[in-house]
Amino acid sequence: MRVVALVRLSLPAALAPVCGSVWRRGSGYATMAKSKFEYVRDFEVQDTCLKNCWVVVRVDGRNFHRFAEQHKFIKPNDDRALQLMNRCAQNVMEELDTICMSYGQSDEYSFVFHKNSNWYKRRASKFMTHVVSQFASSYVFYWKEFFPTQPILYPPGFDGRVVLYPSDQNLKDYLSWRQTDCHINNLYNTVFWTLVQKGELTPAKAEERLRGTVSAEKNEILFSEFSINYNNEPELYRKGSVLIWVKVIRPHRSGKRTQVRQERNTASAECATSTTSA
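Numbering (mature numbering (1 follows the signal peptide of the UniProt record, and there is no 0)), first residue to last: -20 to -1, 1 to 258.
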């Protein structure tokens, strides 16, 4: 079994088992010029995003089925978990204010950088790492606000990807795709867990009952057997959440003159199709 060990050695000594004879101790090592090693920067991949394209960073929870079970999330939707995701996305937008909007559902969030953004010279690695790290740290930081009685048992993981969309229509179609995914998954989960919790079916029996059904049939099961109108379910569950920047006008007095101050603030709204415009 291999374990990670913290060793307090100089880099050449620590890397000797890994690099063999590449690193050598020698007289004058401490006096070597720093510039001698700068050639290693040539190995860095140039990952500049194409200009005039919308940059979308999508964050996904890693193995969140297990995380939800371990932390006893309410099925099929846990308001606490969804609002925590929204709070994390808000923090990401406040810290990285070159993001113009974001859309989230379930355990994922998509962040849209404006096509004219030159943030970090449009390096894809910077877009992704800054968003994912800020989101993950926010999830742990704000956990107690939404789960005050449930301690976090282990650090959650998130992965990320960067995708470029050259036209406004491409971006709209992307957001529509993610929202459609939200609807399809939520409808299935709503019927599945209703059959388990109220219909007293086992998960295997509920899965078998739903195999091959279409949306109309799932809606019929909810309505005819459980008197549930799916269209009355909260839009947060059915459509997801959108965060956008809005201008807030706040008048305040300075002496006898009234000044008007404009500032940017994030506004969270339940997602509707009309809000997915660029």
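Backbone N, C-alpha and C fix where the C-beta goes; we use that ideal spot for every residue, glycine too.
When only Cα atoms are considered, Q50 and L133 end up about 8 Å apart.
With respect to the 8 Å criterion, A116 and Y89 are not classified as neighbours on the basis of their beta carbons. Under the rule that a run must span 4 or more residues, the alpha helix (DSSP H) segments found entirely inside the segment 113 to 137 read 123 to 126. Here the segment 55 to 62 makes contact with the segment 165 to 175; the two share three or more CB pairs at distances below 8 Å. Within the same chain, Y83, G84, Q85, Q159, C162, C251 come within 7 Å of G220 by CB-CB distance, once the 5 residues on both sides are set aside.
In the structure shown, the three-state DSSP call for T28 is strand. One alpha carbon belongs to N211, the other to V112, and they sit about 33 Å apart. Within a 10 Å sphere around the beta-carbon of F206 sit fewer than 16 other beta-carbons, which makes this residue exposed. Counted as a single uninterrupted DSSP element, the stretch harbouring F93 is not any alpha helix (DSSP H) but the beta strand (DSSP E) occupying residues 88 to 93. DSSP lists Y145 as the beta-bridge partner residues of W34. In the structure shown, R102 falls within a helical segment according to DSSP collapsed to helix, strand and coil. Spatial neighbours of E75 in its own chain (CB-CB distance under 8 Å, excluding positions within 5 residues in sequence) are listed in chain order as Q114. By the Cβ criterion, the segment 129 to 147 is in contact with the segment 30 to 43, since at least three pairs of Cβ atoms, one from each stretch, lie closer than 8 Å. Cβ contact annotation for G137 (same chain, cutoff 6 Å, sequence separation greater than five): R42, in chain order. DSSP places Y19 in no beta strand (DSSP E); its state is neither H nor E.
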